[in-house]
Amino acid sequence: MLECNQIGDAGVQSLAYALQHNTSLTALDLRNNKIGYIGTQSLGDVLQNNTSLITLNLGDNQIGYIGAQSLRDALQHNTTLATLDLWNNDIGDVGAQFMGDTLHHNKSLSTLNLGGNEIQDVGAQCLSDALQYNTSLTTLNLGSNEIQDIGAKSLGDALRYNTTLTTLYLWSNEIGDIGAQFLGDALQHNKSLSTLNLGENQIGDVGADFLANALQHNKSLTTLNLGSNQIEDVGAQSLANALQHNTTLTTLHLKQNKIRDIGAQSLGDALRHNTTLTTLNLWNNDIEDVGAQSLANALQHNKSLTTLNLGGNQIGDIGAQSFGDALLYNTTLTTLMLWKNLIGDIGAQCLSDALRYNTTLVELGLWSNTIGQSALAEISQFVERNQRGAKP
């Protein structure tokens with residue numbers, strides 16, 4: 015590992031010279047080393063003939079679009095590199111175009127990280143054009159860029175034709191409801207994408223509805239991240255309706271939205287019927303006791319959910335009592351996060367009473383509530399017993 019050593023262009027040039035004769039190195043990590051386009055050119059020269067390197071990490075450097083061009087030239091000849099990480103390198107739209115050229119010709123690259131590179135719609139379009147023909151890339155990270163609805167449309171068009179991409183990260187862009195519509199429409203036709211991260215994209219109820227429609231038809235998506243958006247109870251209801259019919263989604267992240275009690279009630283109704291969802295993240299959604307009761311009641315019937323995160327809400331003793339009742343019947347939930355709520359000793363006692371008999375819950379997060387130490391200690395004993403696999 016050579017990350018965080020500030021070796022700079024001169025150091026990389028020396029390293030590149032040594033690599034010309036190396037035939038055994040498979041991974042090279044050069045993150046955060048103040049490498050510019052000159053050093054990248056040297057690495058590119060090596061990659062043209064290297065047949066052993068599989069993973070190259072150049073994240074947090076300064077290669078710019080000229081460095082991206084050098085890598086493009088090299089990867090048109092290289093046949094072994096499978097993973098390329100260019101996180102936070104200021105390559106911009108021009109650099110994204112060079113990477114698009116790479117994807118047109120390269121047949122070995124399976125993972126490409128272009129997050130944090132100030133890529134906008136033009137760059138996204140260049141990459142999308144390449145994805146319509148590329149048959150090797152399985153993971154593309156475009157998180158923390160500046161892609162808006164036009165770029166999302168281009169990516170949606172690509173997803174209609176691409177049959178190999180399984181993971182697409184688009185978190186922290188500016189896709190919005192219109193962009194969500196384009197992606198949702200594409201998902202009704204795509205049969206390969208399994209993970210889509212759209213967190214922090216200014217998506218509201220309208221966008222959530224488009225994505226929910228996609229879930230009614232899509233048969234490949236297993237993980238959908240919509241955290242840190244602007245989804246409220248109406249959007250949550252749309253997603254909940256989709257979950258009553260969807261049979262493939264296993265993980266849904268809705269953290270830091272505003273679904274409140276009504277949205278939680280809708281999701282609770284969905285959990286009574288859904289048989290595939292295993293992880294539901296509802297952290298920081300202004301959910302109070304009424305919403306918690308609906309979710310808890312659903313857990314008495316649900317047989318698939320293993321992880322439920324309700325941290326950072328406004329659930330009090332009544333909600334905690336409902337979860338206590340649920341734990342007496344539920345035998346599949348292994349992780350329940352209730353930290354940073356309004357639960358006191360009364361609610362904690364209800365949870366503790368349930369844990370005397372429940373043997374499957376192995377993680378219960380209760381920090382930052384108003385629970386006394388003795389109650390927490392008793393709960394911890396039961397959870398630790400479950401972790402050991404002991405009988406009550």
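Following my numbering, the numbering of the sequence shown begins with 15 at its first residue and continues without gaps.
The beta-carbon is built from N, C-alpha and C at its ideal position, and this holds for glycine as well.
Computed from a prediction, not measured in an experiment: that's the story for all the values here.
Reduced DSSP secondary structure (H/G/I, E/B, other) of residue i
{"i": "Gly379", "result": "strand"}
{"i": "Glu132", "result": "coil"}
{"i": "His203", "result": "coil"}
{"i": "Leu184", "result": "coil"}
{"i": "Lys48", "result": "coil"}
{"i": "Lys167", "result": "helix"}
{"i": "Thr153", "result": "strand"}
{"i": "Thr54", "result": "helix"}
{"i": "Ala96", "result": "coil"}
{"i": "Asp143", "result": "helix"}
{"i": "Thr116", "result": "helix"}
{"i": "Glu448", "result": "The structure shown has nothing for residue 448, since the chain only spans 15 to 406."}
{"i": "Leu319", "result": "coil"}
{"i": "Glu160", "result": "coil"}
{"i": "Leu294", "result": "strand"}
{"i": "Asn255", "result": "helix"}
{"i": "Glu246", "result": "strand"}
Closest residue to residue i among the options (Cα-Cα distance)
{"i": "His203", "options": "Leu156, Trp185, Gly109 and Leu229", "result": "Leu229"}
{"i": "Asp99", "options": "His118, Ile77, Asp115 and His91", "result": "Ile77"}
{"i": "Leu95", "options": "Asp219, Ser124 and Thr209", "result": "Ser124"}
{"i": "Asn295", "options": "Leu141, Thr321 and Arg86", "result": "Thr321"}
{"i": "Val376", "options": "Phe396, Gly333 and Gly326", "result": "Phe396"}
{"i": "Ala226", "options": "Ser234, Asn255 and Asn311", "result": "Asn255"}
{"i": "Gly53", "options": "Asn311, Asn327 and Gly81", "result": "Gly81"}
{"i": "Trp101", "options": "Leu39, Asp135 and Ile49", "result": "Ile49"}
{"i": "Gln251", "options": "Gly218, Gln146 and Thr289", "result": "Gly218"}
Cα-Cα separation between residue i and residue j, rounded to whole angstroms
{"i": "Arg45", "j": "Ile105", "result": "15 Å"}
{"i": "Thr180", "j": "Glu214", "result": "21 Å"}
{"i": "Asp367", "j": "Gly338", "result": "7 Å"}
{"i": "Gln216", "j": "Gln244", "result": "6 Å"}
{"i": "Tyr371", "j": "Asn400", "result": "10 Å"}
{"i": "Leu72", "j": "Leu390", "result": "46 Å"}
{"i": "Asn323", "j": "Thr293", "result": "8 Å"}
{"i": "Gln34", "j": "Leu61", "result": "9 Å"}
{"i": "Leu67", "j": "Thr37", "result": "8 Å"}
{"i": "Tyr8", "j": "His119", "result": "Outside the displayed range of the chain (15 to 406) lies residue 8, so it cannot be described from this structure."}
{"i": "Thr345", "j": "Thr152", "result": "36 Å"}
{"i": "Ile276", "j": "Ile133", "result": "38 Å"}
{"i": "Arg274", "j": "Thr373", "result": "30 Å"}
Beta-carbon gap between residue i and residue j smaller than 8 Å
{"i": "His267", "j": "Gly241", "result": "yes"}
{"i": "Ala284", "j": "Ile301", "result": "no"}
{"i": "Gly129", "j": "Asn159", "result": "yes"}
{"i": "Gly163", "j": "Ile192", "result": "In the sequence under discussion, the amino acid at residue 163 is Asp, which differs from the Gly named in the question. Yes, the Cβ-Cβ distance between Asp163 and Ile192 is below 8 Å."}
{"i": "Leu154", "j": "Leu197", "result": "no"}
{"i": "Phe112", "j": "Gln83", "result": "yes"}
{"i": "Thr410", "j": "Ile357", "result": "Residue 410 lies beyond the residue range present for the chain, which begins at 15 and ends at 406; the question has no answer from this structure."}
{"i": "Gly325", "j": "Asp303", "result": "no"}
{"i": "Thr116", "j": "Leu89", "result": "yes"}
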